[in-house]
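All residue numbers in the sequence shown are consecutive under full-length UniProt numbering, ending with 152. Built from N, CA and C at the ideal position, the CB exists for glycine as well.
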Amino acid sequence: MKYLNFTLDQFWMRWKKEYLLELREGHRYHSTGVCGEQINVGDVVVVYDSDKHRGFWKLGVVEQLIVGRDNESRGAVVRVHKKGHKSTLLKRPVQRLYPIEMNCQNDSSTVDSTGNQTDSDTSIEGNNQANTTSGVEMNREVELELIEDSIP
């Protein structure tokens with residue numbers, strides 16, 4: 001009976017140490033964040049707040065990433081704007097930050113006053129029309145300008 005208990009204990013210890021840890025590590029490295037997106041500096045994110053309804057969560061811009069010992073992003077410093085107040089910096093874990101579909105990275109293209117996007121390398125010469133963007137891309141640019149204007 002002692003041998004059976006010893007063998008069973010060894011099995012459970014080995015199962016905990018090897019199999020369960022392997023599952024956790026595999027899950028950790030296969031998931032790169034919310035919806036498969038990695039949060040970067042300059043990203044516009046929605047900041048989770050347990051006291052408020054989802055529609056009233058704050059928008060913020062990631063100012064700095066907090067990196068763990070394994071060189072993975074564990075948290076971020078986010079700049080949020082309050083009505084009538086200066087912007088404040090919040091430290092939040094990446095699990096509580098939800099990136100929205102826009103980046104603050106500038107590329108070689110610009111948006112003129114008519115809402116058309118022109119690219120310095122690829123303008124259409126034949127009919128003198130600039131490349132146009134979809135409504136979603138134009139909305140991203142407008143939202144980005146509003147957020148940048150609201151943050152001093």
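Item                                                                                    : Value
Beta strand (DSSP E) segment containing R74, residue limits                             : 73-80
DSSP-derived helix/strand/coil call for G42                                             : coil
Nearest-angstrom Cα separation, counted from G60 out to V44                             : 6 Å
Cβ separation of V80 and L90, assumed to be a contact under 8 Å, to the nearest whole Å : 6 Å
Residues near G77 by beta carbon distance below 6 Å, same chain, minus five either side : Note that residue 77 is Val in the sequence shown here, rather than Gly. Answer for V77: E63, Q64, L89, K91, listed in chain order.
Neighbour-count burial assignment, I100, 16 or more Cβ in a 10 Å radius                 : exposed
Beta-bridge partners of Q64, as assigned by DSSP                                        : V77
P93 and R74 closer than 8 Å at C-beta                                                   : yes
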